[in-house]
């Protein structure tokens, strides 16, 4: 609390600097999402909007972040009929901006001056998340629900995902939709204090786990059970107008003593858009801090390596390496033609002069083939897409056999059939997209980006998708191709493999045990049980789930992710969300830092979330 509090971040929005993968202030997609991917939503919150990513070329016509006369506006609006299919069928687009790539800070004062939208279902927010990607903790400097724009919510989230600790307050303030107000939070080692127009509204002790750098987020969400979904009364477009966002190294005196509640006379023009030594610049953003660069291979395999991961060169005489452990690693081939299998933690795999094989994991792997004819294998749909930095269409190959088996594709031309696409990212690269045709809002998954490769240079000779899968998981002797099984006797148990099968029950009380692939399950008559023992690679459907008689058995799945609570819905591990087309998506959030995305388990066709009750699912054996 000092008059010399340093201004460490200041964007007055006289222009808009968006993160483009190498520079810029504001990232328009989630920290854990692909820089060039197709945006995201938060179905675990029941949200109705799709956040557009400024770096995703197919939706470039939608710009929910604009600047005019020193004001940045986040706009939520109905998606056009041409855009909705590009955003997983969501009916609304919106925007969020965050400094995950450019600025983060431990402790200090963070503020935003904004005019918020009124209207049923609007949900603007200004908040902080850890730079390291963990959750919790979380600091919510401001949340407002558009159906009550005079209530100002402040809160913190702490503890663990399995035992989350919340604290917060709701205050009645001036109507936040009829003028600009300043929302601030002072985060100190011993306490957090929240301010509305310079007036203290709430204070709480700083949790034990809130002591590492955090970045800032401003967003305009729609819907969810807290404030309710948008309806016919919601005014569109809905606009969140932001005058500025700032951060200080500590609480300024003029805020602490109330002498300038709106903080309108303390803009440091000389530091606008820059960051002092109190900040941490991540991944190349800002003017201070450190920048990690991904390695690029030379022909002999001598490369600079990422300083954020342990580095290993494959030993002489060794030709196969499988990464283990729960962190990212960097592995460099030994020029003998190695096979390197990634773990699920976003590792860096670098080839040599030989014909190397790289087997990708679930996270954003960075793969560099080097010399030779290299093969890049994808057996599973990734949680986050990575990059192949030097794919050579003349020599290298994508092996998509495993992932195509996983989604149940058995055709002869996945591109013509709409299961595989090579799409320009607008920056000279190619995004490799797989569409599982699951019928849900999550059917499209980006596998990887081919850097410096145009879609027009890709031919069928550059990828393979048929033949024996590279890996198999499932019961010994089980088929490694999609199968169809139909009950022939009353009350049968049908077990899927991991290759996207179709199981159909009969008139009895059947048990259908799903695999990890895109299973289509039909119970038929009777009281049927649908068993999920593991998180699937790609979600399928239950075509006839009857909430009066059928049951989801999730006990094996919840055991596998370590959940031991008594209410997975209330604890944020299980959600039932509408897909906007009359069906219900069943989603599990493992609260695993290595997999921050919620995983959709299945879709219940022709069932609405409101029909689901606690007797419809089992989560403990």
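Numbering (the numbering used here), first residue to last: 251 to 871.
Ideal Cβ placement from N, Cα and C applies to all residues, glycine included.
Note that this is a predicted model, so its numbers are computed, not measured.
Would you mind working out which of the options sits nearest residue i, comparing C-alpha positions?
{"i": "residue 263", "options": "460, 367 and 491", "result": "491"}
{"i": "residue 483", "options": "842, 369 and 441", "result": "369"}
{"i": "residue 312", "options": "320, 805 and 337", "result": "337"}
{"i": "residue 817", "options": "256, 342, 407 and 412", "result": "412"}
{"i": "residue 822", "options": "828, 838, 810 and 833", "result": "838"}
{"i": "residue 698", "options": "826, 833, 634 and 359", "result": "634"}
{"i": "residue 301", "options": "348, 272, 271 and 257", "result": "348"}
{"i": "residue 744", "options": "709, 711 and 781", "result": "781"}
{"i": "residue 299", "options": "840, 607, 828 and 865", "result": "828"}
{"i": "residue 665", "options": "708, 363, 656 and 675", "result": "708"}
{"i": "residue 609", "options": "266, 621 and 636", "result": "636"}
{"i": "residue 603", "options": "624, 384, 612 and 616", "result": "624"}
{"i": "residue 859", "options": "509, 324, 404 and 836", "result": "836"}
{"i": "residue 621", "options": "640, 632 and 358", "result": "640"}
{"i": "residue 578", "options": "385, 593 and 777", "result": "593"}
{"i": "residue 320", "options": "814, 771, 261 and 790", "result": "261"}
{"i": "residue 710", "options": "662, 863, 632 and 695", "result": "662"}
{"i": "residue 451", "options": "404, 742, 417 and 316", "result": "404"}
{"i": "residue 643", "options": "458, 315, 706 and 752", "result": "706"}
{"i": "residue 350", "options": "359, 255, 378 and 358", "result": "378"}
{"i": "residue 485", "options": "588, 612 and 342", "result": "342"}
{"i": "residue 481", "options": "327, 573 and 406", "result": "327"}
{"i": "residue 316", "options": "346, 339, 340 and 288", "result": "346"}
{"i": "residue 786", "options": "653, 339 and 266", "result": "653"}
Quickly, what does DSSP pair residue i with across the bridge? List them, please.
{"i": "residue 431", "result": "364"}
{"i": "residue 407", "result": "388 and 416"}
{"i": "residue 823", "result": "Answer by DSSP bridge pairing: none, since residue 823 is not bridged."}
{"i": "residue 882", "result": "The first residue shown for the chain is 251 and the last is 871, placing residue 882 beyond what the model contains."}
{"i": "residue 202", "result": "This structure does not reach residue 202, given that the chain is present from 251 up to 871, and the question cannot be answered."}
{"i": "residue 637", "result": "616 and 699"}
{"i": "residue 374", "result": "470"}
{"i": "residue 829", "result": "Residue 829 pairs with nothing; no bridge assigned."}
{"i": "residue 672", "result": "682"}
{"i": "residue 446", "result": "433 and 449"}
Pop quiz: residue i and residue j are said to be a contact at Cβ under 8 Å. What is the actual Cβ separation, rounded to whole angstroms?
{"i": "residue 297", "j": "residue 470", "result": "The Cβ separation is near 11 Å, so there is no contact."}
{"i": "residue 449", "j": "residue 511", "result": "6 Å"}
{"i": "residue 756", "j": "residue 774", "result": "5 Å"}
{"i": "residue 409", "j": "residue 477", "result": "So it is not a contact: roughly 24 Å between Cβ atoms."}
{"i": "residue 460", "j": "residue 387", "result": "5 Å"}
{"i": "residue 596", "j": "residue 614", "result": "5 Å"}
{"i": "residue 293", "j": "residue 686", "result": "Wrong, their Cβ atoms sit about 16 Å apart, outside the cutoff."}
{"i": "residue 270", "j": "residue 474", "result": "About 30 Å separates the two Cβ atoms, so there is no contact after all."}
{"i": "residue 276", "j": "residue 363", "result": "Rounded, the Cβ-Cβ distance is 16 Å, inconsistent with contact."}
{"i": "residue 657", "j": "residue 684", "result": "7 Å"}
{"i": "residue 902", "j": "residue 748", "result": "No statement about residue 902 is possible, as the shown extent of the chain runs from 251 to 871 and does not include it."}
{"i": "residue 367", "j": "residue 488", "result": "4 Å"}
Mapping the DSSP letters down to three states, classify residue i as helix, strand or coil.
{"i": "residue 579", "result": "coil"}
{"i": "residue 497", "result": "strand"}
{"i": "residue 865", "result": "helix"}
{"i": "residue 310", "result": "coil"}
{"i": "residue 711", "result": "helix"}
{"i": "residue 684", "result": "strand"}
{"i": "residue 424", "result": "coil"}
{"i": "residue 466", "result": "strand"}
{"i": "residue 264", "result": "coil"}
{"i": "residue 650", "result": "coil"}
{"i": "residue 334", "result": "helix"}
{"i": "residue 537", "result": "Unreliable placement is indicated for residue 537, whose pLDDT of 26 sits below 50; no coordinate value is reported for it."}
{"i": "residue 270", "result": "coil"}
{"i": "residue 811", "result": "helix"}
{"i": "residue 325", "result": "strand"}
{"i": "residue 354", "result": "strand"}
{"i": "residue 805", "result": "helix"}
{"i": "residue 734", "result": "strand"}
{"i": "residue 315", "result": "strand"}
{"i": "residue 553", "result": "Because residue 553 sits at a pLDDT of 31, beneath the cut-off of 50, its placement in the model cannot be relied upon, and the following sentence gives the value as read from the coordinates. It is coil, neither helix nor strand."}
{"i": "residue 503", "result": "helix"}
{"i": "residue 488", "result": "strand"}
Closer than 8 Å is the cut-off here; do at least three beta carbon pairs connect the stretch 793-802 with the stretch 854-871?
yes
Can at least three beta-carbon pairs, one atom from the stretch 648-656 and one from the stretch 626-639, be found at a separation below 8 Å?
yes
Should the stretch 423-436 be called in touch with the stretch 386-403, which here means at least 3 C-beta pairs below 8 Å?
yes
Using 8 Å as the cut-off, can you tell me whether the stretch 500-518 makes contact with the stretch 427-444, which would need three or more C-beta pairs spanning the two stretches below that distance?
yes
Segment contact, 8 Å Cβ cut-off, at least three pairs: the stretch 447-467 with the stretch 314-332
no
At a cut of 8 Å, does the stretch 701-710 reach the stretch 781-792 through at least three beta carbon pairs?
no
With a threshold of 8 Å, are at least 3 pairs of Cβ atoms found where one atom belongs to the stretch 804-812 and the other to the stretch 860-870?
yes
For the stretch 304-318 against the stretch 664-683, are there 3 or more C-beta pairs whose distance is under 8 Å?
yes
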